[in-house]
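Just so you know, the protein sequences line up as chains A and B, in that order.
According to our numbering, the first sequence holds residues 1 to 480 in order.
According to our numbering, the second sequence holds residues 1001 to 1310 in order.
All C-beta atoms in this analysis are idealised placements derived from N, C-alpha and C, irrespective of residue type, glycine included.
Please read the structure below before turning to the comments.
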Amino acid sequence: MLRVAIVSLPPAYGNPYTAMGAPGAVTWQQLFDGLTRIDEAGNVVGALATDWQLIDTHTWRFRLRENARYSNGAAFNAETAKEVFDWLLSNQGRITPVGNELRGLAEVSISGPHELIIRTHQPDPILPNRLALVMMVEPKSWAELGPKAFGQQPVGTGPYMLESWRNGNGAAELAANRYGWRRPHIETVELFPLHDHAARFQAAISKQLHLSQSMRPEELQIFSERGFDALVDPTKQIIGIAFDVAGHPDSPVADRRVRQAINIAVDTQTISEVITYGKHSPASQGAAPGVFGYNPALKPYPYDPIRARELLADAGYPDGFSINATIVMGTYANDVEIYQKVQQDLAAVGIDLILEATLFSDWIRQYVTGKWRTEAFSLAWNTAPYYDSIRPMDYFSCGKAIPFYCNPSMMPAIENAATEMRPKEREQALQDLQLRFHNEAPSLYLLEYGHIWVSSNEVSGFAMANGAPQLYKLKLKARD
Amino acid sequence: MKARISAGSRLLGNFVVLLLGITTLMFFALRAAGDPIIVMAGENAGPEMIAALRQQYGFDQPLLLQYLYYLGNVLKLDFGASLASGEAALPLVLSQLPATLLLAFLGMTVTLVVSVPVGAWLGARPDRASVRIVSAIVVFAQGLPGFVTALILIQIFVVQLMWLPSLGHADVRTWILPSLSLASFLAPKLIRVIAANVAEAMRQEYIRTARSIGSSAASILWREAFPNAILGTVALVSAQFAFLFAGAVIIEVLFLWPGIGLLLFESAQTLDFPVLQAITFVVAVLVFLVNTLSNLVFRRIDPRIGQAVS
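What follows is the structure, encoded as structure tokens:
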């Protein structure tokens, strides 16, 4: 039995279309597969599709795995895959977060028992990446039970199948999927949704668990002394403080020089070394290394308070100013300390940053409606599940439904990068855009942040891919 | 007989007003707290998707209409389905209630087992140095938040000594730390009340009389003073029941105890209104029942209370 602590189970349990990324991905990737997946190195590789070809700029052919079965024994094939896409493209499916991501799909058709043809409205160079998000549910169960009840009894092709969402230990219990096309080394898994960090730490250090999610950097020494290994999730997020330029056009942050000054005034290197023990590097742009379109030539803004003061003076604020930022505290390890250090560094150049702590439910309401009370807000973004730089560029553009930062002059380049089908040209276009975003500084770029997992010395083979541990690869070591 | 019927109908009236007040307050307070549709739709949702979801879940109706519809359903004990999982809210809450009741029972048992002897001992000997030391410890413990006590207990018994587990609730060994932690919420206050009541009783004339006729110290304490000190204790125990649920939330989260406290925490994360409303309703009913029961116990212990009410 493998015992894993996670921050939480997906609220909708086994309905994989209700959210993207954490916390659902950790659980769903054990139960389901997409046609593609993002591997440990961030490359898109086959999962239920073995290979794919671009037929023309709008059309893709996906050849599907022939030996895959759902955990109820039903065969996976082009017909079942099409049923899944058809639901996601239906009126009901489109209003799910995953269905919403597929709004660029025009049609899905079958060209053979194990071959799908997918047509898109616009050229979509990252369609294979996009499909890593679409978990293949068993369509018959889905149709019979409906999305909510299916969530209670999910059926997928993943290496594990659900035994219980809450067993006697309060954990979700998974068992090896006997029909699965990948056989896990460990037959059963308990996923403990331990919301409280201290409880997670204590359970891990007392060796009640084999794997634990979201540990703090300062704890790693203790874990190391007790024989644990640590792994920083390579699916890194960029954590920062974004500026609501669109909603606050009269604020000092509407001036690019001010935004650059804020970036220069904050000592991200010290934040990285002292607060995160060097586990999270300073961010230079809106993507982390390894992501398609990351620009390796860009360096983080250098810490230079004197230059920051000069920029502020040039912008007409020689005596500084006061700004407010809406912050969700406690989302990331050490975030409170990080925000306090930002506040301290900005105060040193005359910027009085007032942090207004709020709950996520309030934060997301402001984010989605675009009605920010303050001119800055905490924002962590990643390129998952696509591992492509275009995704965060969408957030920081006029393309967002209600944008907080909209620079119309950048839109042609963004649209070009979004539809350019030649990989080399596209990579160059994205890297050029990264440079422009870096200079425009629509956010204070803080750190490249990855959740830290620890694994006990009782297991081997721990690896992360696309934000989820690859539990099927883990082996339990024989006890001495 | 007529008086009893009148008291019963008054009680029923209070019950209905309480439930109406609680359900109304929760309905409007939750809607002021946030928008579950936006949480559900996610960060990349556009206005059209949000509008469609609002329509699907009935959140597009005027608030007053939503309230009347909700109230009508509450009368049928229908709180709707969880917005997150789709499970019927009230059965979901009731399915997790036994775990919370077990925790409450265990916590209260530990509280009484500790508080009664310690409180009586403190009250019976108010001037000794050892009593003053124990009193200081009790005051300190009362100021210590329950979750801190829980984490300290886990650190000692789970991390350092490795005697007990901190996860789950299937094994009896997993019951020990949660019940001790919950008792740490309640015991210090109860000890102080018992001590004060016993000390007060020990100053009464009948105690002096008992001493003068040669009754033993134990007999004076347990047969004379303690029964007279118990009334205030029962009042506090019933009043503590509501706090017990509040304490259970953090204890259940820390120990992954699958009760309604954990459910409350998880539902609050996603603004799962139906589940939050059902939990509040169930807790209100329970607290009301316990308070009513304790009133009956008061009357049994001291019939003068019943006569005064009549």
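Looking at the secondary structure, which residues open and close the beta strand (DSSP E) in which residue i lies?
i                           : result
phenylalanine 377 (chain A) : 376-382
methionine 161 (chain A)    : 160-164
tyrosine 449 (chain A)      : 443-449
leucine 2 (chain A)         : 2-6
tryptophan 453 (chain A)    : 452-455
glycine 240 (chain A)       : 237-243
glutamate 115 (chain A)     : 115-120
alanine 325 (chain A)       : 321-328
Counting C-beta neighbours from all protein chains within 10 Å, is the total for residue i 16 or more, i.e. buried, or is it exposed?
i                            : result
serine 1310 (chain B)        : Annotation note: pLDDT 48 at serine 1310 (chain B) (below 50); position unreliable, no value reported.
isoleucine 239 (chain A)     : buried
histidine 121 (chain A)      : exposed
threonine 96 (chain A)       : buried
glutamine 366 (chain A)      : buried
glutamate 144 (chain A)      : exposed
aspartate 33 (chain A)       : buried
glycine 1058 (chain B)       : exposed
asparagine 457 (chain A)     : exposed
tryptophan 1257 (chain B)    : buried
tyrosine 1206 (chain B)      : exposed
aspartate 480 (chain A)      : Low per-residue confidence applies at aspartate 480 (chain A): pLDDT is 45, beneath 50, and the placement is therefore not dependable, though the value from the model is reported in the following sentence. Exposed, because fewer than 16 other Cβ atoms sit within 10 Å of the Cβ of aspartate 480 (chain A).
methionine 135 (chain A)     : buried
phenylalanine 1185 (chain B) : buried
aspartate 249 (chain A)      : It should be pointed out that residue 249 (chain A) corresponds to proline in this sequence rather than to aspartate. Counting Cβ neighbours within 10 Å, proline 249 (chain A) comes out exposed, since fewer than 16 surround it.
isoleucine 306 (chain A)     : exposed
What residue range does the alpha helix (DSSP H) around residue i cover?
i                           : result
phenylalanine 223 (chain A) : 220-225
threonine 80 (chain A)      : 78-88
alanine 149 (chain A)       : 139-152
glycine 112 (chain A)       : Careful: glycine 112 (chain A) lies outside any alpha helix (DSSP H), inside the beta strand (DSSP E) at 105-112.
leucine 430 (chain A)       : 423-440
threonine 96 (chain A)      : No alpha helix (DSSP H) holds threonine 96 (chain A); DSSP gives it neither H nor E.
So the candidates are the options; which of them puts its Cα closest to the Cα of residue i?
i                       : options                                       : result
glutamine 237 (chain A) : A:Phe32, A:Ala384 and A:Asp51                 : A:Ala384
glutamate 404 (chain A) : A:Gly467, A:Val274 and A:Ala254               : The residue asked about is misnamed: residue 404 (chain A) is phenylalanine in this sequence, not glutamate. Ranking the options by Cα distance to phenylalanine 404 (chain A), first place goes to A:Ala254.
glutamate 273 (chain A) : A:Asp233, A:His248, A:Ile338 and A:Phe377     : A:Ile338
arginine 130 (chain A)  : A:Tyr472, A:Asn466 and A:Leu471               : A:Asn466
alanine 19 (chain A)    : A:Arg65, A:Asn100, A:Met1 and A:Leu35         : A:Asn100
serine 109 (chain A)    : A:Glu83, A:Phe76, A:Leu133 and A:Ala242       : A:Glu83
lysine 341 (chain A)    : A:Thr276, A:Val7, A:Ile186 and A:Leu298       : A:Thr276
glycine 1042 (chain B)  : A:Thr369, A:Pro408 and A:Ile452               : A:Thr369
alanine 176 (chain A)   : A:Asp362, A:Met161, A:Ala47 and A:Leu430      : A:Met161
glutamate 375 (chain A) : A:Val26, A:Leu54, A:Ala325 and A:Pro159       : A:Ala325
arginine 1299 (chain B) : B:Leu1030, B:Val1116 and B:Val1234            : B:Val1234
glycine 290 (chain A)   : A:Val4, A:Val44 and A:Leu191                  : A:Val44
leucine 1096 (chain B)  : B:Ile1301, B:Asn1291, B:Val1297 and B:Ile1279 : First, the amino acid is wrong: residue 1096 (chain B) is glutamine here, not leucine. It is B:Ile1279.
leucine 2 (chain A)     : A:Arg63, A:Ala22 and A:Gln30                  : A:Gln30
lysine 473 (chain A)    : A:Asp39, A:Pro23, A:Pro10 and A:Ile402        : A:Asp39
alanine 1007 (chain B)  : B:Leu1151, B:Gln1155 and B:Asn1295            : B:Asn1295
threonine 358 (chain A) : A:Val7, A:Asp345, A:Val328 and A:Gln434       : A:Val328
Any beta strand (DSSP E) of 3 or more consecutive residues that is wholly inside the segment 346-377 of chain A: 351-358
4 or more residues per run - each alpha helix (DSSP H) lying fully within the segment 167-229 of chain A: 197-205 and 220-225
Cβ contact (3+ pairs, closer than 8 Å) linking the segment 1177-1193 of chain B and the segment 1110-1120 of chain B: yes
Inter-stretch contact (C-beta, 8 Å, three-pair minimum) for the segment 1265-1275 of chain B and the segment 1079-1094 of chain B: yes
Inter-stretch contact at 8 Å, needing at least 3 Cβ pairs: the segment 4-22 of chain A / the segment 135-151 of chain A: yes
Segments of 4+ residues assigned as alpha helix (DSSP H) that fall wholly inside the segment 1207-1264 of chain B: 1226-1255
Complete runs of the beta strand (DSSP E) confined to the segment 29-60 of chain A [at least 3 residues]: 36-38, 44-46 and 49-56
Cβ contact check for the segment 1213-1221 of chain B and the segment 1097-1105 of chain B: 3 or more pairs under 8 Å: no
Stretch pair the segment 206-219 of chain A + the segment 318-337 of chain A: three plus CB contacts closer than 8 Å: yes
Alpha helix (DSSP H) runs wholly inside the segment 1040-1087 of chain B, at least 4 long, in chain order: 1047-1057 and 1063-1075
The segment 409-418 of chain A contacting the segment 205-212 of chain A, beta-carbon criterion three pairs below 8 Å: no
Cβ contact (3+ pairs, closer than 8 Å) linking the segment 345-356 of chain A and the segment 312-325 of chain A: yes
At least three beta-carbon pairs within less than 8 Å, the segment 1247-1267 of chain B to the segment 1066-1073 of chain B: no
Continuous alpha helix (DSSP H) assignments of at least 4 residues falling wholly in the segment 1131-1214 of chain B: 1146-1154, 1173-1202 and 1205-1212
Segment contact, 8 Å Cβ cut-off, at least three pairs: the segment 1239-1246 of chain B with the segment 182-191 of chain A: no
The segment 422-432 of chain A touching the segment 244-264 of chain A, judged by at least three CB pairs closer than 8 Å: no
The segment 1006-1026 of chain B contacting the segment 64-82 of chain A, beta-carbon criterion three pairs below 8 Å: no
Residue ranges of each alpha helix (DSSP H) within the segment 1097-1127 of chain B, 4 or longer: none
Touch test, the segment 294-308 of chain A against the segment 223-235 of chain A, Cβ-Cβ under 8 Å, three pairs minimum: no
Cβ contact (3+ pairs, closer than 8 Å) linking the segment 279-288 of chain A and the segment 377-392 of chain A: yes
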